[in-house]
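Contents: one structure, followed by commentary.
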Amino acid sequence: MKITGSELAVKVLEKNEVKYTFGVPGGHLLKLFDSIKDSDLTPILTKHESGASFMATGYAQVSGKLGVCIGTVGPGATNLVTGVASAYMDSVPIMVLTAQVGNSAIGKGGLQEATGQGRTVNHVEIFDGLTKYSTLVNNGIKLNQSFNNAIKLALNGRPGPVHLDITADTFASEVDVDEKLIKKINRIPMSG
1 MKITGSELAV KVLEKNEVKY TFGVPGGHLL KLFDSIKDSD LTPILTKHES
51 GASFMATGYA QVSGKLGVCI GTVGPGATNL VTGVASAYMD SVPIMVLTAQ
101 VGNSAIGKGG LQEATGQGRT VNHVEIFDGL TKYSTLVNNG IKLNQSFNNA
151 IKLALNGRPG PVHLDITADT FASEVDVDEK LIKKINRIPM SG
């Protein structure tokens, strides 16, 4: 089936029983928020991204489900840090989704680029020390597998936050995906 990257992201979240997302919409995230609006997910819009990361953490602690927080490129992403650090220290499974500039803008030092190139902050490195997994997803082909890897790591072993930094054009791109590959990731019981 052919769907957009943002629709695929939402389908993966729905398949994994995510009910709520917490975040602040931004220009690079509009496709994702449009797909959330057209889905069974309920977006909880916060006044600041820090609140979104703490709300996702609290939701995951109370519900036992994966919490999801969303921040746009640059300051939106960095505002998530304190709540993500809290989730990391408390071993709470949350998924942190941040937007990145489009692929054609990477390396040009443009407004809000956050790849670490040319005196820009680096989303992936910022979250690397605060999560079990942090990666840049810059094409639709990698999107489904990146979500599956991240969710598996968030829920299994010692639970904790994971981070996907997704380029704006990946959200907008058309992806041809086999629906059977959109999986529910289960917790694997720890032996003790």
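Numbering follows our numbering, in which position 153 of the sequence shown is assigned residue number 153; successive positions increment by one, without gaps.
We treat Cβ as the ideally placed atom computed from N, Cα and C, and that holds for glycine.
As the structure is a prediction and not an experimental result, all values here were calculated from the model.
Buried or exposed: which applies to residue i, given that a residue is buried once 16 or more other Cβ atoms fall within 10 Å of its Cβ?
i, result
"Pro159", "buried"
"Gln100", "buried"
"Gly67", "buried"
"Glu179", "exposed"
"Leu32", "buried"
"Leu45", "exposed"
"Gly74", "buried"
"Gly51", "buried"
The alpha helix (DSSP H) with residue i in it runs from where to where?
i, result
"Leu8", "Gly5 to Lys15"
"Leu143", "Gly140 to Leu155"
"Ser86", "Val81 to Met89"
"Gln117", "Segment: none, Gln117 is in no alpha helix (DSSP H) and carries neither H nor E."
"Met55", "Glu49 to Ser63"
"Asp34", "Leu30 to Lys37"
Taking only the alpha-carbon atoms, compute the straight-line gap between residue i and residue j and give it to the nearest angstrom.
i, j, result
"Ser91", "Lys108", "37 Å"
"Ile166", "Leu136", "6 Å"
"Val177", "Phe171", "14 Å"
"Lys65", "Leu153", "14 Å"
"Asp169", "Gln112", "15 Å"
"Met89", "Val18", "22 Å"
"Leu164", "Ile126", "12 Å"
"Gln117", "Ser86", "28 Å"
"Pro161", "Gly129", "11 Å"
"Ser53", "Thr82", "8 Å"
"Asp40", "Met1", "19 Å"
"Asp34", "Glu7", "9 Å"
Beta-carbon within less than 6 Å of residue i's beta-carbon, same chain only, minus the 5 sequence neighbours each way: which residues are those?
i, result
"Ser63", "none"
"Phe232", "Nothing can be reported for residue 232, as the shown portion of the chain is limited to 1 through 192."
"Ala77", "Gly71, Thr98 and His123"
"Leu29", "Thr72 and Ala99"
"Lys132", "Leu153, Gly160 and Val162"
Would you call the CB atoms of residue i and residue j closer than 7 Å?
i, j, result
"Pro43", "Ile36", "yes"
"Asn144", "Leu97", "no"
"Leu155", "Arg187", "yes"
"Pro93", "Ala60", "yes"
"Gly5", "Gly140", "yes"
Quick one: give me the first and last residue of the beta strand (DSSP E) that residue i is part of.
i, result
"Glu125", "From DSSP, Glu125 is part of no beta strand (DSSP E) but of the alpha helix (DSSP H) over His123 to Asp128."
"Glu174", "Glu174 to Asp176"
"Pro43", "Thr42 to Leu45"
"Thr78", "Note, Thr78: premise wrong, no beta strand (DSSP E); alpha helix (DSSP H) at Pro75 to Thr78."
"Ile182", "Careful: Ile182 lies outside any beta strand (DSSP E) and carries neither H nor E."
"Met1", "Segment: none, Met1 is in no beta strand (DSSP E) and carries neither H nor E."
Only counting the same chain, and skipping five residues up and downstream in sequence, which positions put a Cβ closer than 8 Å to that of residue i?
i, result
"Ile3", "Lys11, Glu174, Val175 and Val177"
"Ala9", "Leu32, Ser35, Leu97, Leu143, Phe147, Ile166 and Phe171"
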